[in-house]
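Novice:
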Amino acid sequence: GIDVSTQASANSAISVIQSAIETVSAERSKLGAVQNRLEHTIKNLDTSAENLQAAESRIRDVDMAQEMMEYTKNNILQQAATAILAQANQAPQMVLQLLR
Numbered sequence: 003g004i005d006v007s008t009q010a011s012a013n014s015a016i017s018v019i020q021s022a023i024e025t026v027s028a029e030r031s032k033l034g035a036v037q038n039r040l041e042h043t044i045k046n047l048d049t050s051a052e053n054l055q056a057a058e059s060r061i062r063d064v065d066m067a068q069e070m071m072e073y074t075k076n077n078i079l080q081q082a083a084t085a086i087l088a089q090a091n092q093a094p095q096m097v098l099q100l101l102r
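Under the numbering used here, the residue at position 35 of the sequence shown is numbered 37, and the numbers go up by one with no gaps.
#1: Between which two residues does the alpha helix (DSSP H) holding residue 3 run?
#2: How is residue 74 classed by DSSP in three states: helix, strand or coil?
#3: Beta-carbon separation of residue 4 and residue 22 under 7 Å?
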């Protein structure tokens, strides 16, 4: 414990308390530095997460555009095939009409 019954013991107690205060202050400084580094890291991670989400969105948009182009192409090809088939089916009927 701390003895303050005499001047010498009080001075000794003051020295112990000052030393403890200095130790606490040094530890608080270290913790403050760690806290600042952690806050900086959190901000960097937030920025990285936002950038990653933006990149993912751009990739999804490109994929969607590619799929729409593919769908449109296939739709046009199907319509063309249907039209060609319809014309091919009409050709024998035209020949038959010419022969009549």
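Just so you know, even glycine gets a beta-carbon here, dropped at the ideal spot from N, CA and C.
Owing to the predicted nature of the structure, the values given are computational and were not obtained by experimental measurement.
Specialist: Walking through what the data contain:
#1: Here residue 3 belongs to no alpha helix (DSSP H), and DSSP marks it neither H nor E.
#2: Annotated three-state conformation of residue 74 is helix, per DSSP.
#3: No, the pair does not count as a contact, with Cβ atoms beyond the cut-off.
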